[in-house]
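Worksheet for the structure shown next.
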Amino acid sequence: SFCTLLVHHTSYTRMWSKGMWPLAMLMALFADEASGLGRTLADCNYIASQFDSTCTSGPVASILQETGEDVSCSGVSYCAGTTDSSGVCTWQRKLCVTCSEVSGVVRIRVQSNGLPAGCYSTPAMLKEFDNDFEVDFNPAYDAMAPQHTPTTVSEIDTLVCDITAHKNANVPASSNLVVKGAAGLNAVFGVATTGVVYMNPMSANSVDPFYPTGSFDLEKVDMCFRHPQAQGIVGQCDHHW
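Here the sequence shown is numbered in my numbering, starting from 1 and rising by one per residue.
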């Protein structure tokens with residue numbers, strides 16, 4: 001399901017109403033699926049099975065060195081793989097979501113090269129990256145103890161309009177985040193079931209990317225709200241949500 005994602009960083013839209021969502025909690029749009037979610041290895045394996053992983057067993061030593069799933073599309077302006085004589089672009093999508101348990105603690109690991117599972121239209125080249133992180137699965141949190149309690153419009157603006165709000169240093173300690181890949185994750189909010197990352201909804205200028213204030217340009221995305229990063233991890237494919 002495209003409507004399920006693994007949260008990498010906290011959802012600041014819920015910070016003051018429901019408390020800060022910890023890393024590696026699953027946001028499911030269907031309440032009946034989320035209501036019975038526990039913290040067992042079986043629960044974790046169920047969630048991992050909802051992702052379109054390309055690995056048969058894992059975790060893998062390096063997601064970039066794995067053989068993934070071929071994806072082909074014609075009419076791609078900036079091909080992330082190779083283009084044949086008929087103009088068909090073929091690239092490999094790679095994703096491995098796995099669970100483990102050590103001393104009673106269940107962990108979930110996501111490894112992805114970040115390339116999409118279908119046709120795309122972007123204004124620049126997409127590149128594969130080593131996205132690899134591991135966290136405690138579904139750690140406990142207190143919904144009645146929010147991490148932030150803004151009381152003024154100015155305080156809300158400061159909290160919401162900050163592209164660094166999801167940086168690794170802000171991840172709750174209870175998640176026990178370990179970044180194993182070479183790609184930075186400071187602006188990553190989540191991972192789609194296809195392996196493409198979700199970025200902080202702000203632009204690099206900390207404004208709304210589609211309704212920017214001031215003189216900033218409107219960001220360009222395709223029909224799935226994807227585009228390559230223009231700054232930081234240049235070429236990383238990401239969704240804006």
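We put the CB at the ideal spot given by N, CA and C, even for glycine.
A quick note: this is a predicted structure, and the numbers were derived from the prediction, not measured.
For Ser174, the secondary structure class from DSSP, reduced to helix, strand or coil, is helix. In this structure Leu95 is not in contact with Thr56, their Cβ atoms being roughly 12 Å apart against a cut-off of 8 Å.
The alpha helix (DSSP H) runs lying completely inside the region 82-151 and spanning 4 residues or more number zero. In the assembly as shown, Thr151 is an exposed residue. Its beta-carbon has fewer than 16 other beta-carbons within 10 Å. Its chain contains Trp91, Leu115, Leu126 as the residues whose beta carbon lies nearer than 6 Å to that of Ala80, once the 5 sequence neighbours on both sides are disregarded; these appear in chain order. Each of Phe189, Ala145, Lys180 was checked against the Cα of Thr164, and the nearest Cα belongs to Phe189. About 21 Å separates the beta carbon of Tyr198 from that of Ser174, a gap too long to meet the 8 Å contact definition. Residue pairing by DSSP puts Glu69 in a beta bridge opposite Arg93. The beta carbons of Ile108 and Glu134 sit closer together than 8 Å.
In the three-state reduction of the DSSP assignment, Tyr198 falls in the strand class.
Cα atoms of Lys220 and Ser72: separation of roughly 23 Å, rounded to the nearest angstrom. Cβ atoms of Ile47 and Asp132 stay farther apart than 8 Å, at about 18 Å. In the assembly as shown, Asp157 is an exposed residue. Its beta-carbon has fewer than 16 other beta-carbons within 10 Å. Sequence-distant partners of Val60 (beyond 5 residues in either direction) whose C-beta falls short of 7 Å from its own C-beta, in its chain, are Glu66, Cys96, Gln111.
Boundaries around Ala192 are those of the beta strand (DSSP E), 188-192, since no alpha helix (DSSP H) includes it. For Ser215, there is no enclosing alpha helix (DSSP H), as DSSP marks it with neither H nor E. Around the C-beta of Pro123, fewer than 16 other C-beta atoms lie within 10 Å, and the residue is accordingly described as exposed. Looking at the DSSP output, Ser206 bridges to nothing.
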